Amino acid sequence: MLDTIRHLCILSIFIMHTGASRIVLSQTGGPLYQQIVNQLKAKIAVGEWVAGEEIPSIRQLAADLRVSVITVKRAYLELEHAGLIVTQHGKGSFVAADVAPGPEIFEQEMVGHLEEAARLGTTMGMSEREIVSRLRQALDETEDARFIPKSSKESL
Amino acid sequence: MNDVCIRMEGVSKHYPHFFLDSICLELREGEVLGFIGANGAGKSTTIRILMGLVRQDTGSVQVLGHPMPAEQIAAKLDIGFVSEDMRLYGAATLAWHMNFVASMYPRWDQAYADKLLRRFDLKPQQKIKGLSHGQRVKAALLLALARQPRLLILDEPTTGLDPVARREVLAELMSVLTDEGRTIFFSSHNTLEVEQISDHVAFIDRGRLIALDEKESLLERWRRVRLVVPPSTALPLLPGIVEVAGTERLPVLTTSQFDPDVVSLCQNRGVTVQAVDSMTLEEIFVANVQSRRELQPA
């Protein structure tokens, strides 16, 4: 009985504090600002947040997630640079007006990673063919991961 | 920019076995400063000076615009202070304490106090002497928070709390911060929670402030770089190295001034960068303290 009550308490704390933003951070999931960036991007990609919509203020999201204001600020700055959100001083933050939902949100990130891989490959003295084959190898390794989340893909 | 909330300049204090050495520190309104130090590093002395409970030998202290300790009475109207050794009256109930504090502070918010009672799982009719350590800490926090002070000074607010209570307390501290005019200065051993909720971080060791920086830029600048050095190749001189560990061929460098150019700089000298690892605040704190202690043995 006591255990059930305790569980209910923990559950209610959880729901209460994730609030309207419904973001879940993990202590072992890498830098906090990066987790926030990724999850907000995903929200825009699946259309949970649409163009022009007001999103939580930096301070509000910080309070909801129990993370520092500066961490959320950094995440918002990164999303602004990526052209996904705009922050108007004194008014709040909004999803950029010209953003369409869809996997294109991740385009810029993809380009960044590919360029980084190409650059690293070159500095390691690999041939073009080698770099391409390494990419194919990486693709094989993530094959399983690509096919597991089918249900979530459908919900996209 | 925001107003300065706390300013310490060249603050020193001599004790027979401890010396607080010219502390300079600034905290602006609306920010959270996490103050980290080992036991006996000077955290509590600094906090007592901030509160006007101890007079500094030299240097100036301004809190909310008031010079301390001269104007401590005026300053304390707007400061909520909670420390580990805070004494409440054992024979009185929490409700009695709430009335007592409410009678002295006009900004006391009873509705908020009632909300905190539920959130912290406290019973107002219970006598203080019957409370556990964790409950006493939460009671002291409640009494400070419900006054809605502009500045919260908390000496190890979460020490001795269970994980659920700690989560509640941190959530409450962060919700205070939705009001831009309020500021938090807190000390902690728990680097994880400092990493989580503070905007600025200060490290203190052996009475000296060894770092004071924005948390994000601190986390960004410190890196562990794993290298592969070919035989008879010298280790390149990189900026900000505080520690060299590992082996001659496979050294692991800890730097406090990481720059992405380091990767190409190494490669130009035939040294391969195997990995660049980010560090937790705890790792940064320990590396910082150790490197300084090696330079200046006690």
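Those protein sequence lines, which keep their order, are chains L and X.
Taking the numbering used here as reference, the numbering of the first sequence is continuous, increasing by one, and the terminal residue is 1631.
Taking the numbering used here as reference, the numbering of the second sequence is continuous, increasing by one, and the terminal residue is 520.
C-beta: ideal position from N, C-alpha, C; glycine also.
Source: prediction; values computed, not measured.
For the stretch 1498–1525 of chain L, residues whose beta-carbon sits nearer than 8 angstroms to a beta-carbon of chain X comprise Gln1502, Pro1506, Leu1507, Tyr1508. Close to L:Arg1549, with beta-carbon spacing below 8 angstroms, are these residues of chain X in chain order: Glu438.
The stretch 416–426 of chain X makes contact with the stretch 247–256 of chain X; the number of CB pairs closer than 8 angstroms reaches 3 or more. With respect to the 8 angstroms criterion, X:Gly356 and X:Asp384 are classified as neighbours on the basis of their beta carbons. Residue state for L:Met1585 is assigned as helix, using DSSP reduced to three classes. Excluding the 5 residues flanking it on each side, X:Ala467 has same chain C-beta neighbours closer than 6 angstroms at Val474, in chain order. Distances from the alpha-carbon of X:Asp243 to those of X:Arg471, X:Thr268, X:Ala260 put X:Thr268 closest. Ranked by how close their Cα comes to the Cα of X:Glu293, the residues X:Met273, X:Leu440, X:Glu306, X:Gly302 have X:Met273 in first place. Listed by position along chain L, the residues whose Cβ is nearer than 9 angstroms to that of X:Val254 are Ser1543, Val1544, Ile1545. Within chain X, the residues Ala393, Met396, Ser397, Leu399, Thr400 have their CB atoms less than 8 angstroms from the CB of L:Ala1538, given in chain order. In the DSSP assignment, X:Leu376 falls within the unbroken beta strand (DSSP E) covering 373–377. The shortest C-alpha to C-alpha distance from L:Pro1578 to any of L:Gln1509, L:Ile1519, L:Gly1505, L:Ile1511 is the one to L:Ile1519.
Residue range 226–237 is occupied by the beta strand (DSSP E) that includes X:Met230. Taking X:Ser325 as reference, the option from X:Arg341, X:Leu299, X:Val304, X:Met308 with the minimal CA-CA separation is X:Leu299. With respect to the C-alpha of X:Phe342, the residue from X:Ile375, X:Ala387, X:Pro371 having the closest C-alpha is X:Ala387. Taking C-beta atoms under 8 angstroms as the contact rule, X:Asp331 and X:Gln370 qualify, at a distance of about 6 angstroms.
Residue-level contact check: L:Thr1597 does not touch chain X, since none of the beta carbons of chain X fall below 8 angstroms from its beta carbon. Distances from the alpha-carbon of X:Ser486 to those of L:Glu1603, L:Leu1595, L:Ser1602, L:Glu1605 put L:Leu1595 closest. The criterion of a C-beta distance shorter than 8 angstroms is satisfied by X:Phe408 and X:Leu376.
Contact of X:Asp435 with chain L is not assigned, every C-beta pair being separated by 8 angstroms or more.
When C-beta distances to chain L are compared with 7 angstroms, the residues of the stretch 491–517 of chain X below that value are Ser500, in chain order. In the structure shown, the three-state DSSP call for X:Lys345 is coil. In the DSSP annotation of this structure, the continuous segment of the beta strand (DSSP E) that includes X:Met290 starts and ends at 288–290.
DSSP places L:Ile1498 outside both helix and strand once states are collapsed to three, so it counts as coil. Taking a 10 Å sphere around the C-beta of X:Gly302, we find 16 or more other C-beta atoms and assign the residue as buried.
DSSP lists X:Thr476 as the bridge partner or partners of X:Glu465.
Going by DSSP, L:Leu1507 is part of the alpha helix (DSSP H) stretching over 1507–1520. The bridge partners DSSP lists for X:Phe425 are X:Ile258, X:Ala433. Interface annotation, L:Arg1534: in contact with chain X, CB-CB separation under 8 angstroms. When only Cα atoms are considered, L:Tyr1551 and X:Ser500 end up about 21 angstroms apart.
Going by DSSP, X:Asp483 is part of the alpha helix (DSSP H) stretching over 483–490. For the pair X:Lys235 and X:Val276, the CB atoms are nearer than the 8 angstroms cut-off.
As computed with DSSP, X:Phe408 is found in a beta bridge with X:Gly256, X:Leu376.
Here DSSP, grouped into helix, strand and coil, assigns X:Ala333 to helix. For X:Asp421, the chain L residues whose Cβ falls inside 9 angstroms of its Cβ are Ser1543, Val1544, Ile1545, Thr1546, Lys1548, in order along the chain. By a beta-carbon distance limit of 8 angstroms, X:Glu306 contacts X:Glu378. Their separation comes to about 5 angstroms.
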